[in-house]
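Okay, so the sequence shown: first residue is 16 according to our numbering, each after it adds one.
Positions of the beta carbon are idealized from the N, C-alpha and C atoms, including for glycine.
To start, the structure under review is shown below, and the notes come after it.
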Amino acid sequence: MKEIYFRTVYLEPGMFFNFHYKLNIFMTNELNKNLYIEKIPFRKGMKTDTTDYTLVLNISCHNDEFTVTGPTMYRKDQEIDFYLNIPYKKIPKIKEQAVYFLNYVELGLIDILREDAEKYDIHSALNKVKQSVIDLDNTNELLTFIED
């Protein structure tokens, strides 16, 4: 795969993740630095080798339990999109929000990769990303609140 990235975080009305888009980019870069996935295992509807594709994780927060939906393949853009439907939890501290978010990214990647998840050591890679977030200096611009 070329890379993994988070396209966006969708929230229902009244829900709020207050981490900055730059923190999202930082987490994406850290994830790609610590995890290389050769390809997504074939699923129903997948007719293409995914080695040269980008894995896009669309995040949706809601009041239900965690689910993973997809894939949607975009051959022209060479992207495979999955939706991680994360249960919303109000968390006041940005670092804690990011770690909560990354815990579900880990679960999502395990679901997406299925039997290959262990081969890629998803748990170890995501722990490194979480630690990178935790190690950020509290005055770092990545940890500034987004104003409403």
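{"Check": "Check whether Lys143 and Leu117 have beta carbons under 8 angstroms apart", "Outcome": "no"}
{"Check": "Per-residue burial, Thr66 [other beta carbons within 10 Å of its own, 16 or more giving buried]", "Outcome": "exposed"}
{"Check": "Segment limits, beta strand (DSSP E) that includes Glu27", "Outcome": "Premise fails: Glu27 is in no beta strand (DSSP E) and is neither H nor E."}
{"Check": "Other residues of its chain near Asn49: CB distance less than 7 angstroms, five sequence neighbours each side excluded", "Outcome": "Ala140, Lys143, Val144"}
{"Check": "C-beta atoms of Thr69 and Met16 nearer than 8 angstroms", "Outcome": "yes"}
{"Check": "Same chain only: Cβ atoms within 8 angstroms of Ile137, ignoring 5 sequence neighbours per side", "Outcome": "Leu50, Glu121, Leu124, Ile125, Leu128"}
{"Check": "Cβ pair Asn47, Gln112 closer than 8 angstroms", "Outcome": "no"}
{"Check": "Other residues of its chain near Ser147: CB distance less than 7 angstroms, five sequence neighbours each side excluded", "Outcome": "Glu45"}
{"Check": "Buried or exposed (CB count within 10 angstroms, at least 16 for buried), Phe97", "Outcome": "buried"}
{"Check": "Alpha helix (DSSP H) runs wholly inside the region 73-103, at least 4 long, in chain order", "Outcome": "none"}
{"Check": "Inter-residue spacing [alpha-carbon to alpha-carbon] between Asp64 and Asn153", "Outcome": "43 angstroms"}
{"Check": "Helix, strand or coil at Glu162 [DSSP, three-state]", "Outcome": "Only weak support is given to the placement of Glu162: the predicted model assigns it a pLDDT of 48, under 50, and the value that follows is read from those uncertain coordinates. DSSP places Glu162 in coil when its eight states are reduced to three."}
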